[in-house]
Amino acid sequence: MPELRTMTYQVSDLARHYREVVDNAKHEDTLIRDKDGETLVMLSLDRAQRDRSIAGIASDFTRLLRAVAMSDEIGVVNSGRFSFASLLPADMRSEMVDETYAALQVAQSGGSMVSLHDVIEDWIATAEVWADTGLREEIFEDADNPPADVLI
Amino acid sequence: MAQRKGKGSRAANPQATDVRWSIRFSSSRAKSEWDKAVVDEPDIMASEKERLHARPLDRSDNPRRTHPFKGSRATKRILGKKLPVLQREPTSGGRIWYSPDKDERIVWINKVSLSHPKENE
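So the sequence lines, in the order shown, correspond to chains C and L.
For the first sequence, position 143 matches number 148 in the numbering used here, and the numbering has no gaps at all.
For the second sequence, position 60 matches number 66 in the numbering used here, and the numbering has no gaps at all.
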């Protein structure tokens, strides 16, 4: 887990220094301690949505890993957004898991969410074509003698 | 539309970024599919052709519509050279699959289908 940078305020600061509290919350997680001792977190909507998105992807990814570990193909099909893994042969599935794990770690550390989404979307496109034998052969067959035409 | 490639037609410095990419076909089937798509959807294909000439590797205009295939097996051998394969989605059901050769600045068209194969099943 990346280290959580936080600033802690008392609930009374919301009345006296609300601008400072809100500005701080835009840049880092901001803790607000209530009089009863409970602590609340204030963070931007972008950050909250990002955290929720990563958690959702991580949850589905965990379901996939569990299913793969148990050789449970039904479980792979039911692994949410990673159900496309059922279309991949074992070696490509393994490559997909490694790459997704790396992208997930980058996103969790504050890196690009776009990269994580791109990795997943690219693998979905790959899996869909890979599952269609005729289409796959047409796209990937060796071209030893291509036409000489050049499109202008 | 398509012309025969003559000797010495390749750009002197294919690595230069301002040099437009040549577009070729990895098979006669791919060429026929491209020609049919141009007849069926001339505006879309004109736009796709320009994009392939100018920036076949660019995903910034719409990241979700250009996907490089993943995995060490998802490559195509053209004239003995192993190249990546990309999938472009010019329409919701249409697909263009192509292989960019960065060294030669050639885009090889592998297959064109303006109706997604699954819709024909």
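The beta carbon of each residue, even a glycine, is placed where N, CA and C say it ideally should be.
- Look at residue 112 (chain L) here: in three-state DSSP terms it is strand.
- Around residue 91 (chain L), the beta-carbon contacts reaching into chain C at under 8 Å are 144 and 145.
- Taking the Cα positions, residue 78 (chain C) is about 7 Å away from residue 72 (chain C).
- Going by DSSP, residue 28 (chain L) is part of the beta strand (DSSP E) stretching over 28-31.
- The C-beta of residue 75 (chain C) has fewer than 16 other C-beta atoms within 10 Å across all chains shown, which makes the residue exposed.
- For residue 48 (chain L), the enclosing alpha helix (DSSP H) begins and ends at 48-60.
- Restricting attention to beta strand (DSSP E) runs no shorter than 3 residues, the stretch 44-100 of chain C encloses them at 44-47, ordered along the chain.
- Proximity of chain C to residue 84 (chain L) at the Cβ level (cut-off 8 Å) is accounted for by 147, 148 and 151, in chain order.
- As DSSP reads the structure, residue 72 (chain L) sits in a beta bridge with L:94.
- Going by DSSP, residue 84 (chain L) is part of the beta strand (DSSP E) stretching over 81-84.
- For residue 36 (chain C), the enclosing beta strand (DSSP E) stretches over residues 34-38.
- Using a Cβ-Cβ cut-off of 7 Å, residue 155 (chain C) counts as an interface residue toward chain L, since at least one Cβ of chain L sits closer than that to its own.
- Of all C-beta pairs linking the stretch 132-142 of chain C to the stretch 89-109 of chain C, three or more are shorter than 8 Å, placing the two stretches in contact.
- Neighbours of residue 78 (chain C) in chain L, taken as residues whose beta carbon is under 7 Å from its own, are absent, since the nearest beta carbon is some 19 Å off.
- Rounded to whole angstroms, the separation of the alpha carbons of residue 51 (chain C) and residue 110 (chain L) is 42 Å.
- The C-alpha of residue 16 (chain C) is placed about 14 Å away from the C-alpha of residue 30 (chain C).
- A check of alpha carbon separations from residue 72 (chain L) across L:50, L:103, L:43 and L:114 identifies L:103 as the nearest.
- In this structure, the alpha-carbon of residue 86 (chain L) lies about 13 Å from that of residue 105 (chain L).
- Rounded to whole angstroms, the Cβ separation of residue 101 (chain C) and residue 58 (chain C) is 19 Å, and the two are not in contact under 8 Å.
- Residue 74 (chain L) reaches chain C at 127, counting residues in chain order whose Cβ is nearer than 7 Å.
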